[in-house]
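Worksheet: one structure, shown below.
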Amino acid sequence: MTQKKSEKLTSYGDSGFSTFIRQAFNRHLGFEPEDFDKPVIGICNTKSEINRCHSHVGPIVDAVKNGVLMAGGIPLEFPTISLGEINTSPTTMLYRNLAAMDTEEMIRAQPIDGVVLIGGCDKVTPSQLMGAASADIPTILITGGPMNNGEYQGRTLGACSDCRFFWQEYRGGQIDEKSLGEINVSLAPTAGHCMVMGSASTMSVCAEALGMMLPEGAAIPATDNRRMKHAVDTGKKIVELVEKEITPSKIMTEKAFENAIRALMAVGGSTNAVIHLIAIAGRLGIELPLHHFDDLSRTTPMIANLRPAGEYQMEDFFKAGGTPAVLKELRSLLHLDELTVTGKILRNTIDAVEFSEVYRPIISSFDQPLHKEGGIAVLKGNLAPDGAVIKPKAASPELLKHRGRAVVFTSTLDLEKRIDDPDLDIQPDDIMVLQNTGPVGAPGMPEAGMLPIPPKLLKQGVRDMVRISDARMSGTAFGTVILHVAPEAAAGGVIGLVRTGDIIELDVESRKLELLVPDEELERRRNNREAPILAERGYTKLFQQHVMQADKGCDFDFLLPITKKVPMESN
124 MTQKKSEKLT SYGDSGFSTF IRQAFNRHLG FEPEDFDKPV IGICNTKSEI
174 NRCHSHVGPI VDAVKNGVLM AGGIPLEFPT ISLGEINTSP TTMLYRNLAA
224 MDTEEMIRAQ PIDGVVLIGG CDKVTPSQLM GAASADIPTI LITGGPMNNG
274 EYQGRTLGAC SDCRFFWQEY RGGQIDEKSL GEINVSLAPT AGHCMVMGSA
324 STMSVCAEAL GMMLPEGAAI PATDNRRMKH AVDTGKKIVE LVEKEITPSK
374 IMTEKAFENA IRALMAVGGS TNAVIHLIAI AGRLGIELPL HHFDDLSRTT
424 PMIANLRPAG EYQMEDFFKA GGTPAVLKEL RSLLHLDELT VTGKILRNTI
474 DAVEFSEVYR PIISSFDQPL HKEGGIAVLK GNLAPDGAVI KPKAASPELL
524 KHRGRAVVFT STLDLEKRID DPDLDIQPDD IMVLQNTGPV GAPGMPEAGM
574 LPIPPKLLKQ GVRDMVRISD ARMSGTAFGT VILHVAPEAA AGGVIGLVRT
624 GDIIELDVES RKLELLVPDE ELERRRNNRE APILAERGYT KLFQQHVMQA
674 DKGCDFDFLL PITKKVPMES N
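Following our numbering, the numbering of the sequence shown begins with 124 at its first residue and continues without gaps.
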C-alpha cells in the first residue's frame with residue numbers, strides 16, 4: 124500500500140515535528156497515537172438546519188462512524204458547505220462550484236486516507252462528486268434519502284411537483300387559500316429530499332449507476348431503518364476502498380458515465396443531471412458532448428414510471444428494487460465490467476437482483492417499456508447553436524411540434540412585473556421566451572425555466588405552453604419547457620436577440636429549435652445589443668468571469684484538468 128496521506132503532510136516544515144504536534148492536539152479525541160496508523164476516514168458532513176433536506180443526517184453520520192470503527196478505521200467528521208434548494212438565494216447553482224471547491228480543498232488539505240461524502244439536496248451531490256473527482260482519494264457517497272409520500276384527501280403528494288401543480292391551480296382560481304394551506308402541510312411530510320424523480324433523486328440514481336454509491340442507496344427513504352444499515356455498510360466499505368486503493372478515477376470512467384446516462388434516460392430523470400454529469404466528467408478529463416446524451420436517449424427505453432414524467436414516487440421505487448432493478452433491465456445496454464465502490468464490477472450487483480412482477484407498474488420490462496426512448500432530448504438550431512434540452516415525457520404531446528409567436532421577457536424581474544397583467548398580449552399558441560437567466564446573466568442559472576402560465580390563460584383552461592429560456596428548471600417541474608439554451612443571452616447567444624412577435628419553430632422529433640428571423644436582421648440586433656451588467660466584487664464576480672456555458676457543465680474553466688481525454692463517442 125502507498126504511504127498514507129496523513130504521513131505525507133508536513134504542515135510545519137519538519138515532518139517529525141508535524142507528527143508530534145498533530146498527536147498532541149488529537150489526544151483530546153480519545154485516540155492513542157498508534158490509532159492513527161489505521162486508515163483515517165474523513166466524513167464530509169453537510170448537516171444544516173437551513174438546508175432542511177440535510178437536517179436529519181446526524182444519525183447517518185453516527186452510523187457511518189460505527190461502520191468505519193467496525194472495519195478498523197478511524198472516523199473524523201468535518202463540515203463543508205451545505206446547499207439547500209429552497210432557502211438559498213438567488214440559486215444554489217451559483218454556489219455549486221464553490222461547494223465543489225470546498226469539498227476538494229478540504230479533502231486535499233486534511234490528513235485523511237479516504238472520505239465519505241454525505242449528499243442529498245440537488246447541488247450537494249454533484250458538487251461533492253466534482254470535488255472528489257479532482258482530489259481523487261478513495262471516496263464513497265451516501266445521501267440522506269428521499270422523503271416519504273405525502274397525502275391529501277386520498278391523493279398522493281410529491282414535493283415539489285405538487286407544489287407547482289397546486290400553486291398553478293391556485294393562481295388559476297381552481298382551489299382556494301384554505302385548501303392550499305391544507306395541502307402545504309403534507310407536501311414535505313418527513314425528513315429527506317424531494318420524493319419524486321427530481322434533481323436530488325436523479326443525481327442519486329446517477330451516482331449509484333456510476334458506481335460511487337452502494338447498491339439501493341438512491342431510493343431508501345430517509346425514514347427507513349435500512350438507511351441506517353446502508354450507512355453502517357458505507358462506513359465499512361470506505362475502509363476497504365482505502366486498503367485496496369480504489370479511487371474515483373478508477374470508478375468514474377468513460378464507460379461508467381455512459382451507464383449513468385442510460386440510467387438517467389431510463390428513469391426519466393432531471394435535465395439538471397445533464398449539466399452535472401458533464402461537470403463531474405470534466406474534472407476527470409472526460410468530455411461528454413450533448414449529442415452523446417441524445418444518442419443514448421434515442422437507444423435507451425424509459426422504464427421507470429416515476430413523477431413528474433410518470434405516476435409513482437421514490438418510496439414506491441425503493442419497494443420495486445430501485446436503481447439495481449432498473450440496471451438489470453438495461454443489462455444488454457450497459458458496460459458490466461466497470462468497477463464500483465463495492466470493490467466488484469457492476470455485473471456482480473446486477474446478478475444479485477431479484478425482481479417481483481408485482482412491481483411491473485413501477486419498473487417496466489426492457490421489452491415492454493413505458494416509452495421506447497429515454498426521458499431527455501437535445502435540441503439544436505439557430506436559436507440554440509450549442510444545444511438546449513427538453514423532457515418530452517413531461518411535456519404536452521401536441522406541443523412537441525409547434526410553431527408560434529414569441530412573447531419575450533427580458534429577465535425574471537420583467538417576468539414578475541408583467542406575467543399577471545390582465546392586458547398582457549399573449550395567446551395560448553404563443554411561445555414564452557425568458558432571456559438573461561443563464562450562468563452569467565442571472566447570475567447562476569436559476570430554476571426559472573418553468574415560466575408560470577399567465578392567470579388570464581389559466582382561467583381559460585390553459586395548463587401548458589411552449590416555454591424557452593437559458594435557465595434551468597427543477598427536476599420536479601413539468602410542461603413543454605426548453606432549457607439550457609446555449610450560448611445564453613448574456614454570452615451573446617441568439618436567444619438574447621429574440622423579440623416579441625418573432626416566429627419560433629419547435630420540432631422535438633427532428634431535434635430542431637429555430638428562430639425564423641433573417642440572418643441580416645439578427646446581425647442588426649446583435650450590433651445593437653447591450654452588454655450584460657456584471658458583478659464588481661466577490662464570489663459572484665469570480666463566477667461570472669470563469670463559468671462555462673451549460674453545454675460544458677457550468678464548471679469553472681480553471682478547475683478542469685490540464686490534460687483532457689478524447690471525447691466519448693456513441694456506440
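For each residue, glycine too, the CB sits at the ideal point set by N, CA and C.
Enumerate, from N- to C-terminal direction, the unbroken alpha helix (DSSP H) stretches of 4 or more residues contained entirely within the region 642-683. 642-650, 661-669
Does the beta-carbon of GLY466 have 16 or more other beta-carbons within 10 angstroms, so that it is buried, or is it exposed? Stepping through the sequence shown from its first residue, residue 466 is reached at position 343. Exposed, by the Cβ-count rule.
Going by other Cβ atoms of all chains shown within 10 Å of its Cβ, with 16 needed for buried, is ARG430 buried or exposed? On the sequence shown, residue 430 is found 307 positions in, with the first residue counted as 1. Label assigned to ARG430: buried.
DSSP three-state call for MET124: helix, strand or coil? What you label residue 124 is simply residue 1 of the sequence shown in a count that begins at 1. At MET124 the pLDDT is 35, less than 50, meaning the model places this residue with poor confidence; the figure from the coordinates comes in the next sentence. MET124 falls in the coil class under three-state DSSP.
Assign GLY616 to buried or exposed, taking buried as 16 or more other Cβ atoms, counted over all protein chains shown, within 10 Å of its Cβ. As a working note, residue 616 is residue 493 in the sequence shown. GLY616 is buried by the Cβ-count criterion.
Simplified DSSP state of MET425, which is helix, strand or coil: Taking the first residue of the sequence shown as 1, we reach residue 425 at position 302. It is a strand residue.
Given a threshold of 16 other Cβ atoms within 10 Å of its Cβ, counted over all protein chains shown, does GLN558 qualify as buried or as exposed? Here residue 558 is taken as the residue at index 435 of the sequence shown, counted from 1. Per the 10 Å Cβ criterion, buried.
Which value, in whole angstroms, describes the spacing of the CA atoms of ASN348 and VAL355? Mapped onto the sequence shown, residue 348 falls at position 225. Mapped onto the sequence shown, residue 355 falls at position 232. When rounded, the distance between both Cα atoms is 11 Å.
In three-state DSSP terms, what is LEU555? On the sequence shown, position 432 is the one that residue 555 refers to. Going by the sequence as given, residue 555 is Met instead of Leu. Here MET555 sits in strand by DSSP.
Only counting the same chain, and skipping five residues up and downstream in sequence, which positions put a Cβ closer than 7 Å to that of ARG649? By 1-based counting over the sequence shown, the position of residue 649 is 526. Same-chain partners within the cutoff: LEU620.
Based on the DSSP secondary-structure assignment, which residues constitute the bridge partners of ASN272? Here residue 272 corresponds to residue number 149 of the sequence shown, with the count starting at 1. ASN272 pairs with nothing; no bridge assigned.
In terms of residues, what are the limits of the alpha helix (DSSP H) holding ALA386? Along the sequence shown, one-based indexing puts residue 386 at 263. From DSSP, the alpha helix (DSSP H) with ALA386 extends over 377-389.
Pull up the CB-CB distance for LYS503 and ARG652, whole angstroms please, since I reckon it's below 8 Å. Against the sequence shown, residue 503 aligns to sequence position 380. Against the sequence shown, residue 652 aligns to sequence position 529. Rounded, the Cβ-Cβ distance is 22 Å, inconsistent with contact.
Straight-line gap, ASP552 to GLN251 (C-alpha atoms, nearest Å): Walking along the sequence shown from the start, residue 552 turns up at place 429. Walking along the sequence shown from the start, residue 251 turns up at place 128. Near 42 Å, if we compare the C-alpha coordinates of GLN251 and ASP552.
Taking the alpha carbon of GLN668 as the point to measure from, which residue in LYS675, LEU657, GLY676 has its own alpha carbon closest? For the purposes of this step, residue 668 is taken as the residue at position 545 of the sequence shown. Ranking LYS675, LEU657, GLY676 by Cα distance to GLN668 puts LEU657 first.
Report yes if the C-beta distance between ALA396 and ALA511 is below 9 Å; otherwise report no. By 1-based counting over the sequence shown, the position of residue 396 is 273. By 1-based counting over the sequence shown, the position of residue 511 is 388. It is not a contact, given that the beta carbons lie outside the stated cut-off.
Tell whether a beta-carbon distance below 9 Å holds between THR203 and THR226. As a working note, residue 203 is residue 80 in the sequence shown. As a working note, residue 226 is residue 103 in the sequence shown. Cβ distance < 9 Å, so THR203 and THR226 count as in contact.
Let me check understanding here. Comparing Cα to Cα, which of VAL247, GLY268, CYS329 lies closest to THR214? Start at 1 with the first residue of the sequence shown, and residue 214 comes out as number 91. Closest option to THR214, Cα to Cα, is VAL247.
Nearest to GLN672 (by Cα), restricted to the options VAL563, PRO641, LEU387: Within the sequence shown, numbered from 1, the residue matching residue 672 stands at position 549. Of VAL563, PRO641, LEU387, the residue nearest in Cα terms is VAL563.
Grab me the residues of TYR135's own chain with a C-beta within less than 8 Å of its C-beta, minus the 5 sequence neighbours each way, in chain order. Locating residue 135 in the sequence shown gives position 12, counting from the first residue. Closer than 8 Å at Cβ, skipping near neighbours: SER141, ILE144.
Nearest-angstrom Cα distance between GLU363 and ILE265? The count along the sequence shown starts at 1 and reaches residue 363 at position 240. The count along the sequence shown starts at 1 and reaches residue 265 at position 142. So the two alpha carbons sit approximately 16 Å from each other.
Take the Cβ of PRO684 as the centre, count every other Cβ of all protein chains shown within 10 Å, and call the residue buried at 16 or more, exposed below. By 1-based counting over the sequence shown, the position of residue 684 is 561. Classification for PRO684: exposed.
Is the separation between the beta-carbon of GLY334 and that of ILE374 shorter than 9 Å? In the sequence shown, the residue the question calls residue 334 occupies position 211. In the sequence shown, the residue the question calls residue 374 occupies position 251. Cβ distance < 9 Å, so GLY334 and ILE374 count as in contact.
Could you pull out every unbroken alpha helix (DSSP H) segment of at least 4 residues lying fully inside the region 152-203, listed in chain order? 181-193
So what does DSSP say about GLY315, is it helix, strand or coil? As a first step, residue 315 must be located in the sequence shown, where it is residue number 192. DSSP places GLY315 in coil when its eight states are reduced to three.
What are the boundary residues of the beta strand (DSSP E) that includes ILE473? As a first step, residue 473 must be located in the sequence shown, where it is residue number 350. Per DSSP, ILE473 belongs to no beta strand (DSSP E); it is in the alpha helix (DSSP H), 469-474.
Could you check how far apart the C-beta atoms of ARG350 and GLY277 are, in whole angstroms? I think they sit under 8 Å. Your numbering for residue 350 matches position 227 in the sequence shown. Your numbering for residue 277 matches position 154 in the sequence shown. Not really, about 28 Å apart at Cβ, beyond 8 Å.
Extent of the continuous beta strand (DSSP E) run through SER592: Numbered from 1 along the sequence shown, position 469 holds the residue referred to as residue 592. SER592 -> beta strand (DSSP E) spans 589-592.
Considering only residues of the same chain and omitting the five flanking positions on each side of LEU682, which have a CB-CB separation below 6 Å? Position 559 of the sequence shown, counting from 1, holds the residue named residue 682. Around LEU682: no qualifying Cβ.
Assumed close pair VAL184, ASN174 - CB separation to whole angstroms, cut-off 8 Å: Taking the sequence shown and counting its residues from 1, one reaches residue 184 at position 61. Taking the sequence shown and counting its residues from 1, one reaches residue 174 at position 51. Actually they are not in contact, since the Cβ atoms of VAL184 and ASN174 sit about 15 Å apart, beyond 8 Å.
Quick test of the definition: if touching needs 3 or more C-beta pairs under 8 Å, does the region 437-453 touch the region 325-345? yes
Excluding five sequence neighbours on each side, which residues of the same chain lie with their C-beta closer than 7 Å to the C-beta of LYS495? Counted from its first residue, the sequence shown places residue 495 at position 372. So the qualifying residues of the chain are PRO424.
Residues in the same chain with beta-carbon distance under 8 Å from LEU456, minus the five sequence neighbours each way, listed in chain order, please. Translated into positions along the sequence shown, residue 456 becomes position 333. Within the same chain, LEU456 has close Cβ partners ARG385, THR422, THR423.
Should the region 577-590 be regarded as contacting the region 289-298, the criterion being three or more beta carbon pairs within less than 8 Å? yes
Going by beta carbon distance, what residues of the same chain come within less than 6 Å of GLY676, once the five residues before and after it are set aside? One-based indexing of the sequence shown puts residue 676 at position 553. If we look at GLY676 and ignore the five residues flanking it on each side, its Cβ neighbours are ILE398, ILE401, ALA402, GLY405.
Just to check my reading of the structure: ALA194 and GLY392 have Cβ atoms closer than 8 Å, yes? What is that Cβ distance to the nearest angstrom? In the sequence shown, the residue the question calls residue 194 occupies position 71. In the sequence shown, the residue the question calls residue 392 occupies position 269. With a Cβ gap of about 33 Å, ALA194 and GLY392 do not count as contacting.
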